[in-house]
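Protein chains in written order, with the working numbering: chain A, 1 to 278; chain B, 1001 to 1253. Ideal Cβ positions, reconstructed from N, Cα and C, are used throughout, including at glycine. Note that the structure is predicted; figures quoted are calculated from it, not measured.
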């Protein structure tokens, strides 16, 4: 142990209480909810696998993104880019061995076959499971000071040199140990804050902007996002950002020690990684 | 070594969990209990939307410059019934719109009579459940005028639109509640983009219901019926797509 540290400072190997119950509950609920929303969202996207900017957009209009395929290949077209996706997007085989040219394959969608009505039922049920607990988590996390104490970056953490050091540490897979591992590092704080206060609210608001009834009630939503088809595009882009967050999050869990990390999100108790032996 | 096994185990269990979730979802989705939960969520969505929306809140209207250069058709573009073909051939000269059901004075109106009634013109966005949108200009008689003319009986709760088109012999129909039926933008359109409504878009009359999705906006409307409940019409879910494919009766989202 560092001889200069105060007596009650925890050290590598010690257990600390890291996640309170609202965080843990919301985390595991979202682990389910976000996947159902993503996968039913992919099914809904399959009904019209083209994205536009502006208020309108249909088959005769020019999409900025399009996923499709034919007998030979599948591809995603983004502006001038034409990226082959044969076998995954726009060209894949269903469980009966039949070639399908829908955008997202059956293994990535809910339901696992083309069913727009079913996907909408799943999507709008789980949208409530995202929205109401999300609001509660916001409220509780301000009240119990989780946001102010654990998520808000400290002033010194915002210094460019500190952020850059954290980027380098991540790139070298050098993770904090001992007492330093008790708190989130600054990149973690940035990503959690973005998800909680930017990406998820954007998903809810762009989702509502696609609702014709909400357009009548709250027309400012259309002004905010630049029209219904723009809102649909932003909904898709932010969903991809969330998917990217989840992938990086899972990789980091595996690299940082999955047992300790998963256990801490279940029981709240986290074992501080041991300091490296010199 | 232990670390590596743990990682592999974690990845394997993650993959297995995903597969289980996937095959499970389709089974859960078909269960009666889960469908009850889903329809509860639909009621919640409709209730909340109605709560935050003024009954008469207007859907956004646009200027001619905002209109889609091309407005695609969807669903049936040409009814197959010989009856409809005969009306089309004669320019709907002998065609009548029937307004009946739970009304005091059933109506039978010719297209010429309908076109002489006060009309509303609106440039609005049409949103298909599939995800695309098109902006067009619609001209037609407010449904409220017809319903007031026929005089709804107090038991009337829904307005049903019976159509000339069919899918595999099953006639198309749709239904709306009275909040939407009396909304100022709810019209039976006979004109589109400054011309007579084309067949592909539902001639001679199509419903415009600007706060809901496209499949609610019945085309080729032949008869408007006021009813107390939707249970005895079609298969009882309030519309063709609702009956055959489980689409949501409330399509405000």
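Please check if any C-beta of chain A sits within less than 8 Å of the C-beta of residue i.
i                       : result
residue 1143 of chain B : no
residue 1125 of chain B : yes
residue 1179 of chain B : no
residue 1175 of chain B : no
residue 1210 of chain B : yes
residue 1246 of chain B : yes
residue 1292 of chain B : Past the boundaries of the shown model lies residue 1292 of chain B; chain B is included only from 1001 to 1253, so the question cannot be answered.
residue 1135 of chain B : yes
residue 1059 of chain B : yes
residue 1049 of chain B : yes
residue 1070 of chain B : yes
residue 1196 of chain B : no
residue 1199 of chain B : no
residue 1132 of chain B : yes
residue 1252 of chain B : yes
residue 1230 of chain B : no
residue 1165 of chain B : no
Once DSSP output is grouped into helix, strand and coil, what is the label at residue i?
i                       : result
residue 1034 of chain B : helix
residue 1161 of chain B : strand
residue 1234 of chain B : coil
residue 133 of chain A  : helix
residue 102 of chain A  : coil
residue 89 of chain A   : coil
residue 1226 of chain B : strand
residue 1248 of chain B : coil
residue 1134 of chain B : strand
residue 1124 of chain B : strand
residue 15 of chain A   : strand
residue 249 of chain A  : helix
residue 34 of chain A   : helix
residue 113 of chain A  : coil
residue 1080 of chain B : coil
residue 124 of chain A  : helix
residue 1107 of chain B : strand
residue 1026 of chain B : helix
residue 1200 of chain B : helix
Using a Cβ cut-off of 8 Å (strictly closer), state whether residue i contacts chain B.
i                      : result
residue 110 of chain A : yes
residue 96 of chain A  : no
residue 124 of chain A : yes
residue 152 of chain A : no
residue 28 of chain A  : no
residue 233 of chain A : no
residue 264 of chain A : no
residue 121 of chain A : yes
residue 117 of chain A : yes
Return the CA-CA distance between residue i and residue j, expressed in angstroms with no decimal places.
i                       : j                       : result
residue 1001 of chain B : residue 264 of chain A  : No answer about residue 1001 of chain B holds up, because its pLDDT of 38 lies below 50 and its placement is not dependable.
residue 205 of chain A  : residue 1170 of chain B : 38 Å
residue 53 of chain A   : residue 1144 of chain B : 35 Å
residue 1115 of chain B : residue 1228 of chain B : 29 Å
residue 87 of chain A   : residue 235 of chain A  : 25 Å
residue 1137 of chain B : residue 112 of chain A  : 38 Å
residue 1159 of chain B : residue 73 of chain A   : 48 Å
residue 1219 of chain B : residue 1187 of chain B : 12 Å
residue 1003 of chain B : residue 1040 of chain B : In this prediction, residue 1003 of chain B scores a pLDDT of 43, lower than 50, which makes its location untrustworthy; no coordinate-derived value is stated.
residue 230 of chain A  : residue 248 of chain A  : 27 Å
residue 118 of chain A  : residue 1251 of chain B : 14 Å
residue 1046 of chain B : residue 1081 of chain B : 35 Å
residue 192 of chain A  : residue 1196 of chain B : 55 Å
residue 81 of chain A   : residue 104 of chain A  : 19 Å
residue 173 of chain A  : residue 255 of chain A  : 8 Å
residue 1243 of chain B : residue 1236 of chain B : 7 Å
residue 270 of chain A  : residue 20 of chain A   : 11 Å
residue 1 of chain A    : residue 11 of chain A   : With a pLDDT of 44 at residue 1 of chain A, under the threshold of 50, the modelled position of that residue is not reliable, and the figure given next carries that caveat. Taking the straight line from one Cα to the other gives about 7 Å.
residue 278 of chain A  : residue 175 of chain A  : Note that residue 278 of chain A scores 49 on pLDDT, short of 50, meaning its location in the model is unreliable and no value can be drawn from it.
residue 183 of chain A  : residue 17 of chain A   : 11 Å
residue 1191 of chain B : residue 1044 of chain B : 36 Å
residue 1183 of chain B : residue 150 of chain A  : 50 Å
When every heavy atom of the ligand SAH is checked, does at least one fall within less than 7 Å of the C-beta of residue i?
i                     : result
residue 19 of chain A : Within the structure as shown, the ligand SAH is missing, as the structure has no ligands at all.
Just checking my contact of residue i with residue j at CB under 8 Å: how many whole Å lie between their CB atoms?
i                       : j                       : result
residue 1111 of chain B : residue 1092 of chain B : 5 Å
residue 177 of chain A  : residue 275 of chain A  : 5 Å
residue 298 of chain A  : residue 26 of chain A   : The shown model of chain A, from 1 to 278, leaves out residue 298 of chain A, and the question about it has no answer.
residue 60 of chain A   : residue 1072 of chain B : 6 Å
What residues in the segment 54-73 of chain A bring their beta carbon closer than 8 Å to a beta carbon of chain B? 55, 56, 57, 58, 59, 60, 61
Which residues of the segment 1029-1041 of chain B have a Cβ closer than 7 Å to any Cβ of chain A? Give them in chain order. 1029, 1037, 1038, 1041
Any residues in the segment 202-230 of chain A with a beta carbon nearer than 7 Å to a beta carbon of chain B? Which ones, in chain order? 211, 212, 213, 214, 215, 216, 217, 219, 222, 228, 229
Give the residues from the segment 37-50 of chain A that approach chain B closer than 9 Å (Cβ to any Cβ), ordered along the chain. 39, 40, 44, 45, 47, 48, 49, 50
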